[in-house]
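One structure below.
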Amino acid sequence: MKYYLILGHPTKDSFNGQLIDAYEKKLLEKGHDVKRVNIIDLDFEINLSKSGFSEKTAKVVKNEQTNIKWADEIIFFYPLWWGGIPAILKGYIDNVFQKGFAYKYRQNSSLWDKLLKGKTARIFSTCDAPSFFVSLVYKNADFAMLKRAVCWFTGIKVSKAKRIDKLIYRSENKRKDIINKITSKIK
Numbered sequence: 001m002k003y004y005l006i007l008g009h010p011t012k013d014s015f016n017g018q019l020i021d022a023y024e025k026k027l028l029e030k031g032h033d034v035k036r037v038n039i040i041d042l043d044f045e046i047n048l049s050k051s052g053f054s055e056k057t058a059k060v061v062k063n064e065q066t067n068i069k070w071a072d073e074i075i076f077f078y079p080l081w082w083g084g085i086p087a088i089l090k091g092y093i094d095n096v097f098q099k100g101f102a103y104k105y106r107q108n109s110s111l112w113d114k115l116l117k118g119k120t121a122r123i124f125s126t127c128d129a130p131s132f133f134v135s136l137v138y139k140n141a142d143f144a145m146l147k148r149a150v151c152w153f154t155g156i157k158v159s160k161a162k163r164i165d166k167l168i169y170r171s172e173n174k175r176k177d178i179i180n181k182i183t184s185k186i187k
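Mapping of the sequence shown onto full-length UniProt numbering: position 30 corresponds to residue 30, and the numbering continues sequentially without gaps.
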């Protein structure tokens, strides 16, 4: 299978960075084709502009769209910040999952075509709060946005959405155990 890993944390040596590193390594060990992007490394304007893309951003967006088209499965890794996804990941989605690439409105209809049908996604979200709190207070807004507003709308089927909670309270050894448990399930 072909996997595209997307790191939506601005710090590559964060827990998210460690998790994506281990995930990528395990996928490669299992013989899968893997590509990866650390969004922080992309040289593009994060905010959309009414005037369109700069030449620099257009090249980045085209490359990212090519990688997403190539992949069978897209895997997002990011921290929960203020009840949602980080701005860097939101800017990436806004720029890359564009009309004409990810979806297309039908003429004279309220319906649309889901242009990324056949792909699957996994979501790994980390946070310091307990999962029940994120569910109760924030209503899992990050999952709702990615699962419904991005993936479902564009035809991607989410196979897993996992919240890794209470990180602030976890020792380095416990964090390694979490990573090992997650990567041990890769086939």
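Yeah, the Cβ is synthetic: ideal placement off N, Cα and C, and Gly gets one too.
Which residues does DSSP pair with Asp33 in a beta bridge?
-> Position 33 of the sequence shown, counted from the first residue, corresponds to residue 33. Under DSSP, the beta-bridge partners assigned to Asp33 are Lys2.
Should Ser125 go down as buried or exposed, given a rule of 16 or more other Cβ atoms within 10 Å for buried?
-> By one-based count along the sequence shown, residue 125 stands at place 125. Counting Cβ neighbours within 10 Å, Ser125 comes out buried, since at least 16 surround it.
Determine the direct distance from the alpha carbon of Phe153 to that of Lys176, and round the result to whole angstroms.
-> Here the question's residue 176 lines up with position 176 in the sequence shown. Here the question's residue 153 lines up with position 153 in the sequence shown. Rounded to whole angstroms, Lys176 and Phe153 show a C-alpha spacing of 35 Å.
So what does DSSP say about residue 188, is it helix, strand or coil?
-> Past the edges of the chain, shown from 1 to 187, lies residue 188, and the structure says nothing about it.
Apart from the five residues on each side of it in sequence, which residues of its chain come closer than 8 Å, Cβ to Cβ, to Pro104?
-> Taking the first residue of the sequence shown as position 1, residue 104 is located at position 104. Sequence inspection shows Lys at residue 104; the Pro mentioned does not correspond to that position. The answer, listed in chain order, is Trp112, Asp113 and Leu115.
Which whole runs of the alpha helix (DSSP H) in the segment 101–158 are 4 residues long or more, in chain order?
-> If we require 4 residues or more, the alpha helix (DSSP H) runs fully inside the segment 101–158 come out as 131–138 and 141–144.
Could you please give me the residues that DSSP links to Ala161 through a beta bridge?
-> Looking up residue 161 in the sequence shown gives position 161. Ala161 pairs with Ile123.
With 16 other Cβ atoms within 10 Å as the buried cut-off, status of Phe132 = Residue 132 sits at position 132 when you count from the first residue of the sequence shown. Taking a 10 Å sphere around the C-beta of Phe132, we find fewer than 16 other C-beta atoms and assign the residue as exposed.
For the segment 66–107, list the beta strand (DSSP E) runs that are entirely contained and at least 3 residues long, ordered along the chain.
-> When DSSP assignments are scanned along the segment 66–107, the uninterrupted stretches of beta strand (DSSP E) that are 3 or more residues long and fall wholly within it turn out to be 73–79 and 103–105.
Cutoff 8 Å; reference Leu7; Cβ partners in own chain excluding five residues on either side = Locating residue 7 in the sequence shown gives position 7, where the first residue counts as 1. Contacts found: Asn16, Gly17, Ile20, Arg36, Val37, Asn38, Ile39, Ile40, Phe77 and Tyr78.
In this structure, does DSSP put residue 194 in helix, strand or coil?
-> Given that the chain is displayed from residue 1 to residue 187, the structure contains no residue 194 and the question cannot be resolved.
Same chain, Cβ closer than 6 Å to Phe143, five either side skipped, listed in chain order = Translated into the one-based positions of the sequence shown, residue 143 becomes position 143. Excluding positions up to five away in sequence, the list reads Ala161.
Any chance the segment 51–62 sits against the segment 80–100, with 3 or more Cβ pairs inside 8 Å?
-> As far as the Cβ criterion goes, the segment 51–62 touches the segment 80–100, which means the pair count is three or higher.
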